[in-house]
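Structure record follows, encoded as structure tokens.
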Amino acid sequence: MQSDVVFRTAKGWDTFSDKYARRIQKNTSVFCMTLLNMVHYEDADSILDAGCGAGYLHQHMMNQKKPDAHLYGFDLSSQMVKRAGARMKKSLNKDKIGSLDILTQEEVDSVNFDDEIFKKLNYHLSVGNVEDLSQYQNEMFNIYVCNLVYQIIGDQQKAISEAFRVLKPGGKFGITVWGRRENCAALWFLKELALETGLSPVGMQGGRFVSNPEELIALATNAGFINAVCWLQMAPFDVVSMKNIEEFFNPEIEGILANSTQEQRDTYYKALEKMLNDYKRENKPFPFECYLLVAEKPQ
Ligand SMILES: C[S@@+](CC[C@H](N)C(=O)[O-])C[C@H]1O[C@@H](n2cnc3c(N)ncnc32)[C@H](O)[C@@H]1O
């Protein structure tokens, strides 16, 4: 049975899925690309993308995997997984090729995970929770990747033990989590500047930052993995102008300003602009840093 927290998390990501697919995933998927490269997924027979979101890299993976290899993806948010399915269908439909991330709600809602098209492709989508992979058998996958999910879940050790269980001996495990807080401004500056402006932001997404790779390595070794390798990586967000900021961080900005005075609104926008200009002055991009970890299940 789903807990209240899990239900609310799923609904939150459902609501966010359109914006995530249209605007954000192309930034965050950069980390997943690195994971896939490091775990040699092109040699695998069976790959699991845990918490796959809208499946931004699935077309790429379909092109690079072995022809008979199976690609499995699941996410807590049904809207996210349906978007992954709708993108895949659109990519196969020559009349509609292009703008894969701009999907009508009808295209999303009409996705059926048992569609014959997906079966032909060895593409398997479902709704699921990284903390409970009971829909998968023991030792089913060569590869398990999970990009930017572990920092927002309840029990990381449970999730990683499940990953260990479903991987084959010799299977590869790769995850990405938020890095050091100071290098992830994109995740906290809206709230911080709101508080400084005397506004009270509500409902902003929470998650854990990691400042020490040892805690991630311990997570992997406690679960039984070996040969863990962990490193920091930065992917700049494509936010270089105020227009980008307004696009990227709305409706969040307007939510924060909903009950504000004109003076607070002006002050808040000035603070946003100053933050952007501070990075520009130092010739730096808007930073988003993650820890990446890959490890192996013993033979
Ligand atoms: C930042 S997005 C990353 C999505 C995707 N991995 C990517 O790289 O684009 C976080 C995703 O985690 C999903 N999620 C959150 N909690 C989860 C859980 N317990 N199990 C599975 N997915 C979860 C959300 O629905 C969302 O799609």
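In this note's numbering, the protein residues as written are 1 to 299.
Where is the CB? At the ideal position from N, CA and C, for every residue including glycine.
K90 vs L100 beta-carbon contact at 7 Å: The answer is yes: Cβ separation under 7 Å.
Cα-Cα separation between S241 and N277, rounded to whole angstroms: Taking the straight line joining both Cα atoms gives about 9 Å.
Three-state class that DSSP yields for Y136 in the structure shown: In the structure shown, Y136 sits in coil (DSSP, three-state: anything other than H, G, I, E or B).
Proximal residues to D155 (C-beta, below 7 Å), its chain only, five neighbours per side dropped: E131.
Beta-carbon gap between L216 and Y144 smaller than 7 Å: Cβ atoms of L216 and Y144: not closer than 7 Å.
Per-residue burial, W231 [other beta carbons within 10 Å of its own, 16 or more giving buried]: Looking at its Cβ environment, which holds fewer than 16 other Cβ atoms inside 10 Å, W231 is exposed.
Between the CA atoms of K172 and N283 - distance to the nearest angstrom: Between N283 and K172, the C-alpha separation is close to 37 Å.
Terminal residues of the beta strand (DSSP E) in which S126 lies: Per DSSP, S126 is one residue of the beta strand (DSSP E) stretching across Y123 to V127.
Among L125, Q105 and L103, the one whose alpha carbon lies nearest that of N112: Among L125, Q105 and L103, the Cα nearest to that of N112 belongs to L125.
Alpha carbon of G255 to alpha carbon of K120, nearest angstrom: Distance between the alpha carbons of G255 and K120: 44 Å.
Start-to-end residues for the beta strand (DSSP E) that takes in E42: Boundaries for E42: no beta strand (DSSP E) harbours it, and the DSSP string shows neither H nor E there.
Same chain only: Cβ atoms within 7 Å of C146, ignoring 5 sequence neighbours per side: Exclusion of the five residues before and after C146 leaves A50, G51, V130 and I175 as the residues of its chain whose Cβ lies within less than 7 Å of its Cβ.
8 Å contact criterion, which N142 and S46 should meet: CB distance rounded: Contact holds; Cβ gap of about 5 Å.
Collapsed DSSP secondary structure at G12 in the structure displayed: In the three-state DSSP reduction, G12 falls in the helix class (H, G or I).
Limits of the unbroken beta strand (DSSP E) element including Q233: If you look at Q233, you'll find it in the beta strand (DSSP E) that goes I226 to M234.
Reference E273, options N63, K66, V239 and L71, closest by Cα: With distances taken between Cα atoms, E273 lies closest to V239.
Nearest neighbour of V303, chosen from L167, R208 and G98 [CA to CA]: For the chain, the structure presents residues 1 to 299; residue 303 sits outside this window and is missing.
Distance between H40 and T104 (C-alpha atoms, nearest Å): Approximately 34 Å between the Cα atoms of the pair.
Assigned exposure category for H60 - 16 Cβ within 10 Å defines buried: By the neighbour-count definition (other C-beta atoms within 10 Å, threshold 16), H60 is an exposed residue.
Contacting residues, own chain, Cβ-Cβ under 6 Å from S78 (five flanking each side not counted): Around S78: V127.
Contacting residues, own chain, Cβ-Cβ under 6 Å from H70 (five flanking each side not counted): Within the same chain, H70 has close Cβ partners S46 and N122.
Beta-ladder partner(s) of H70, from DSSP: Beta-bridge pairing links H70 to S46.
Within-7 Å CB hit, S78 to chain B: Of the protein chains in the structure, only one exists, and it is not chain B.
Backbone secondary structure at F141 - three-state DSSP: F141 falls in the strand class under three-state DSSP.
Minimum length 4: unbroken alpha helix (DSSP H) runs contained in the segment 152 to 212: As far as the segment 152 to 212 is concerned, its whole alpha helix (DSSP H) runs of at least 4 residues are 156 to 166 and 185 to 196.
L193 vs A271 beta-carbon contact at 7 Å: In contact: L193 and A271 (Cβ atoms closer than 7 Å).
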